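Just so you know, the sequence shown maps onto residues 1 to 558 in full-length UniProt numbering.
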Amino acid sequence: MMRTSSEHELLPQSPTSPTAPYGRHTPRGSLWPDEEGGEPEARRHKFARRRRGGAAAWCAGLAWTDRLRWIIGALVVGGFFYASLLDHGTDARERIRDSLHSAAHRLHDLTAEKAGMNKSLVLNFPDEPQDTFMSQLKPGVRYITTMSYGGHANQFMAIENLLYLSKLLSRVAIVPTLSPLHFNETPRDFSTFYDLDRFYRETEIPAVEMSAFKPWNFTRPAVKEQISCWSVLEQTAGNRNVNDGSLAAHQIAVKYWALPPMERGSEGFNIWFESLHSFDFGRLKRDKWIERVKKELIPQQYPQVHPSADPSHERAETLKPGFDPLGSPPPDENLFCLDTTFFLGSRILPPAYPLPDKRYEAPRLYEGHGWLQAGQFLRFSTHLEELATIYLQDLFGTVTIPPFIAVHLRRGDFQSARGLTSLEAFTDAVQRVRDRLDWRMDHPDGWVGAGHAQQKYFSGVRARHYAVVATTDEAPSSDFVRQLKEDLGWKVVDHEHMHTEEELGAWYPTMIDAAVLARGRGFVGTEWSTFSYLAGLRVKYRISTSIAYSSIVFLLVN
């Protein structure tokens with residue numbers, strides 16, 4: 001989808017975006033200048049104290065750039081305060097454009113960033129992406145990367161697995177570019193929607209986006225390159241990853257290599273993380289496997305039943321497409337590439353001992369090491385959190401957002417793939433969430449699990465009075481959405497009303513839905529939807545940075 005230059009001004013630009021020069025880029029915005037150790041609340045208190053101490057005298061001692069930061073900060077805050085006084089019917093398009101994208105992003109460009117990882121340790125040219133990917137790889141540094149697979153939720157889960165695996169293998173994660181599978185858009189850097197610098201500060205897992213190595217700029221011809229990757233998908237699903245859009249965006253072609261048989265995670269399908277750890281660590285065994293792949297031409301489309309006098313010729317004819325062990329080198333020792341990390345899993349063990357007097361919420365299969373060690377620390381970017389706030393304020397018609405239960409109703413493609421979940425199943429699940437939240441309010445020490453230590457409630461507000469905020473892929477004008485709003489009284493995010501795609505682009509309906517759902521005190525989702533899985537985990541582990549999420553419940557229905 002082509003955009004005019006004015007439309008591009010509404011989008012956060014990456015250092016490799018087609019509309020932005022190679023200049024200093026900060027992936028996060030803030031309404032207040034960053035200070036050492038200063039979260040937004042602390043910065044507001046500091047600003048208030050300084051203002052009371054004589055703002056004019058204090059300002060006189062500042063450099064002009066610092067004065068400009070504070071002036072714009074005051075204008076932004078004043079703008080948001082003014083927007084809160086506007087009539088609820090004020091055009092949503094103007095609210096989004098004026099209150100966020102103009103002033104806030106000008107301040108975003110002036111505000112110093114909290115330091116992330118030192119990229120000069122892992123990039124030959126840390127200040128600018130290069131024409132070739134390989135020219136950025138630093139000698140002696142061990143890297144790991146992967147390709148995109150599926151929609152955004154699947155890509156996120158693959159990236160969290162990549163980040164955990166990079167920690168396990170002691171490698172630097174090269175985070176793939178997000179690929180638009182279900183809509184017509186350009187790729188996006190991961191940091192457009194997620195705070196990678198904060199992730200590094202909290203986990204110390206080194207991670208650098210692919211665009212820092214080589215741009216995905218489509219305005220000029222890119223140098224074509226080729227790398228070799230081990231195929232997780234062939235090992236699990238029988239064929240290579242043919243749906244990648246991430247490496248392809250950087251003009252990097254892939255030759256695939258088969259993995260040896262590997263042990264599986266708890267669910268019996270995904271490759272166990274530790275198997276890849278052993279494969280990477282055991283160089284002698286890996287070299288023997290490479291020689292066997294070359295000799296036997298693995299993987300074969302089907303086993304030979306009647307070998308001929310020249311089996312090598314026949315095996316070359318029946319080699320699976322995309323695999324060429326004789327014509328392409330094996331994956332590089334220092335660049336551990338997998339065609340997907342989505343199909344990796346953990347082995348989840350029960351608690352060491354039971355707690356008979358407490359309710360225990362057992363982890364689900366997708367709540368493994370990828371989530372626990374990496375995914376839960378991937379917070380949304382400030383830019384996306386600000387948008388979620390605007391959308392929720394519009395839904396409730398107030399500046400203060402009350403507690404609510406979040407519901408994700410996936411229908412669309414599920415109607416033919418798995419059948420639709422009845423509305424009654426969702427309403428029953430919402431009631432169960434209300435009951436469980438009320439029980440937790442009455443028995444704060446009667447349960448254990450994620451979020452227990454941070455449980456906090458709105459004084460005097462019971463869960464049975466919580467509003468319900470829903471997101472769905474049904475059209476806002478459909479009878480189904482009308483039933484949610486009129487019969488049930490639920491508040492449904494309406495991207496047509498907010499002009500989301502027109503103002504921000506096709507990426508944003510999905511991303512804003514994700515950020516809105518994460519604000520729930522409880523969650524009800526659609527079984528088999530990875531988007532629901534992630535939304536539920538974010539609520540359960542209180543991932544969103546705007547308010548404290550605790551004592552939450554989430555259910556999935558089918």
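Here a beta-carbon is modelled for each residue, glycine too, at the ideal position from N, C-alpha and C. Note that the structure is a prediction, hence the values are computed from the model and not measured.
Counted as a single uninterrupted DSSP element, the stretch harbouring H465 is not any alpha helix (DSSP H), since DSSP gives it neither H nor E.
Assigned with DSSP and collapsed to three states, A450 falls in coil, not helix or strand. Rounded to the nearest angstrom, the gap between the Cα atoms of F336 and D127 is 24 Å. Within the DSSP secondary-structure output, K255 pairs in a beta bridge with S228.
By the Cβ-count criterion, R434 is buried, with 16 or more other Cβ atoms from all chains shown falling within 10 Å of its own Cβ.
Between L378 and Y194, the C-beta gap is smaller than 8 Å, which places the two residues in contact. Under DSSP, W272 takes part in a beta bridge, and its partners are G345. For R292, the closest alpha carbon among the candidates T472, E274, A258 is that of A258. A buried status is given to T421, since no fewer than 16 other beta-carbon atoms sit within 10 Å of its beta-carbon. For the options P476, A515, V481, the alpha carbon positioned closest to that of H497 is the one of P476. In this structure, I205 and L178 do not form a Cβ contact; the two beta carbons are roughly 19 Å apart against a cut-off of 8 Å.
Spatial neighbours of R347 in its own chain (CB-CB distance under 7 Å, excluding positions within 5 residues in sequence) are listed in chain order as G265, S266, W272. With a beta-carbon spacing of about 6 Å, E160 and W371 fall inside the 8 Å limit used to define contacts. Beta-carbon to beta-carbon, I252 and F133 are separated by about 6 Å, close enough to satisfy the 8 Å threshold. Secondary structure remark: continuous alpha helix (DSSP H) runs of at least 4 residues inside the segment 370 to 404, in chain order: 382 to 396. Take Q235, set aside five residues on each side of it, and the residues of its chain with a beta-carbon closer than 7 Å to its own are L259, M262, I271, in chain order. With a cut-off of 8 Å on Cβ pairs, the segment 194 to 203 is not in contact with the segment 217 to 232, counting fewer than three such pairs. Annotation: the continuous beta strand (DSSP E) that includes L335 extends over 335 to 338.
The beta-bridge partner set that DSSP reports for K491 consists of V469. Excluding sequence positions up to five before and after R359, its CB lies within less than 7 Å of the CB of G446, W447, all in the same chain and listed in chain order. Considering only Y149, E527, V469, D280, the residue with the shortest C-alpha distance to R142 is D280.
Assigned with DSSP and collapsed to three states, V407 falls in strand. When the beta-carbon positions are compared, M147 and L247 come within less than 8 Å of each other. Setting aside the 5 residues that flank it on each side, A450 is surrounded in the same chain by K540, Y541, each with a C-beta closer than 6 Å to its C-beta; the list follows chain order. In the DSSP assignment, F426 falls within the unbroken alpha helix (DSSP H) covering 423 to 442.
Between the segment 505 to 520 and the segment 381 to 394 there are three or more C-beta pairs closer than 8 Å, enough to call the two in contact. Under DSSP, Y143 takes part in a beta bridge, and its partners are V172, L335.
When rounded, the separation of the alpha-carbon atoms in G140 and A515 is 39 Å. For Q376, the number of other beta carbons within 10 angstroms of its own is at least 16, and it is reported as buried.
Scanning S381, T510, K255, A316 for the CA closest to the CA of E185 turns up T510. Boundaries of the alpha helix (DSSP H) harbouring A535: 530 to 540, taken from the DSSP string. A direct Cα-Cα distance of roughly 11 Å separates R286 from P331.
A direct Cα-Cα distance of roughly 6 Å separates R171 from I144.
When secondary structure is reduced to three states using DSSP, L137 falls in the strand class. Residue pairing by DSSP leaves Q301 without any beta bridge partner.
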